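Down below is the structure, laid out as structure tokens.
2 protein chains.
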Amino acid sequence: MDTIHTKEACQKSILAIRDTLDVVGGKWKLILLTILMTGPRRFRELSREAGISPRILSKELQELEMNELVNRTVQNTKPITVEYSLTPYSESLNDVLSSMQHWGVEHRRKMIR
Amino acid sequence: MDTIHTKEACQKSILAIRDTLDVVGGKWKLILLTILMTGPRRFRELSREAGISPRILSKELQELEMNELVNRTVQNTKPITVEYSLTPYSESLNDVLSSMQHWGVEHRRKMIR
Numbered sequence: 001m002d003t004i005h006t007k008e009a010c011q012k013s014i015l016a017i018r019d020t021l022d023v024v025g026g027k028w029k030l031i032l033l034t035i036l037m038t039g040p041r042r043f044r045e046l047s048r049e050a051g052i053s054p055r056i057l058s059k060e061l062q063e064l065e066m067n068e069l070v071n072r073t074v075q076n077t078k079p080i081t082v083e084y085s086l087t088p089y090s091e092s093l094n095d096v097l098s099s100m101q102h103w104g105v106e107h108r109r110k111m112i113r
Numbered sequence: 001m002d003t004i005h006t007k008e009a010c011q012k013s014i015l016a017i018r019d020t021l022d023v024v025g026g027k028w029k030l031i032l033l034t035i036l037m038t039g040p041r042r043f044r045e046l047s048r049e050a051g052i053s054p055r056i057l058s059k060e061l062q063e064l065e066m067n068e069l070v071n072r073t074v075q076n077t078k079p080i081t082v083e084y085s086l087t088p089y090s091e092s093l094n095d096v097l098s099s100m101q102h103w104g105v106e107h108r109r110k111m112i113r
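Chains A and B, in that order, are what the protein sequence lines are. Residue numbers for the first sequence follow UniProt numbering, beginning at 1 and rising by one. Residue numbers for the second sequence follow UniProt numbering, beginning at 1 and rising by one.
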């Protein structure tokens, strides 16, 4: 991050980081996006892989959809299946995800030492 | 983020991102670190600037201290003052903070359009 020299620059940084946290903050959203990077999933698959209850998963996916990060596709099968996949816009989060991934790996190394 | 091709790579990414979220996830920690980038603060100053209640601030600062991201210094003044500042290790989060800041700015632009 550029060094923050002024209070105004600090306020702007805080606003931007708050905006990001509003969209992908919390315990689950970045995890869900990471799982979907390996390919689309049905609702139940996501629930199982992330270890997240259906009630919370449903809310998280709705919010991700609303922010255009996840697509929900209803497949005309019998019974109907609903599939979730990443949108092209979700790729804009790649830097956020990769920096967090990198930091997590390094932090674990540091803590084990 | 490197494309994730295998389930194993996905699991590793998820673990690393969970580790990062465990340390700096939640509503406040990245905000507090951003404020401290402009310089050390007393407890009350931090509470006011972040808009965070003393009870929660105290808990958040303790956790940041435990993870060696924030220093707590007791100044031998009358009355005693306690100051919080960033540790050198906190700089390792610069990429995380700058990518989130950048994304927040761009996302706001997109949403306004």
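We treat Cβ as the ideally placed atom computed from N, Cα and C, and that holds for glycine. In this text, all values refer to a predicted model and were calculated from it rather than measured experimentally.
- If you draw a 10 Å sphere on the C-beta of residue 99/B, you find 16 or more other C-beta atoms in it, and that means buried.
- Interface criterion met: the Cβ of residue 89/B is under 9 Å from a Cβ in chain A.
- The beta strand (DSSP E) runs lying completely inside the region 43 to 91 of chain A and spanning 3 residues or more are 70 to 75, 81 to 86, given in chain order.
- Closer than 9 Å to the CB of residue 21/A there is at least one CB belonging to chain B.
- By the Cβ rule, the region 66 to 83 of chain B does not count as touching the region 91 to 105 of chain A, because fewer than three pairs are nearer than 8 Å.
- Contact with chain B is found for residue 6/A, since one of that chain's Cβ atoms lies less than 9 Å from the residue's Cβ.
- The criterion of a C-beta distance shorter than 9 Å is satisfied by residue 69/A and residue 33/A.
- Annotation for residue 72/B: 61, 65, 82, 83, 84 place their beta carbon closer than 8 Å to its own, counting only its chain and skipping 5 residues before and after.
- Annotation: residue 27/B is outside any alpha helix (DSSP H) and is labelled neither H nor E by DSSP.
- A straight-line Cα-Cα distance of about 10 Å links residue 38/A and residue 11/B.
- Counting only residues of its own chain and dropping the five nearest sequence neighbours on each side, residue 35/B has a CB closer than 7 Å to the CB of 41, 46, 49, 50.
- For residue 113/B, the three-state secondary structure derived from DSSP is coil.
- At a Cβ-Cβ threshold of 9 Å, residue 102/B and residue 16/A count as neighbours.
- Beta-bridge partners assigned by DSSP to residue 18/A: none are found.
- Interface annotation, residue 106/A: in contact with chain B, CB-CB separation under 9 Å.
- Between residue 110/B and residue 21/A, the CB-CB gap reaches or exceeds 9 Å.
- Close to residue 25/B, with beta-carbon spacing below 8 Å, are these residues of chain A in chain order: 25, 26, 27.
- By the neighbour-count criterion, in which 16 or more other beta carbons inside 10 Å mark a residue as buried, residue 53/B falls on the exposed side.
- Chain A has no Cβ within less than 9 Å of the Cβ of residue 56/B.
- The beta carbons of residue 107/B and residue 74/A sit about 27 Å from each other, so the pair does not count as a contact at 8 Å.
- Straight-line measurement puts the Cα of residue 19/B at about 5 Å from the Cα of residue 104/A.
- When beta bridges are read from the DSSP output, residue 41/A appears opposite 84/A.
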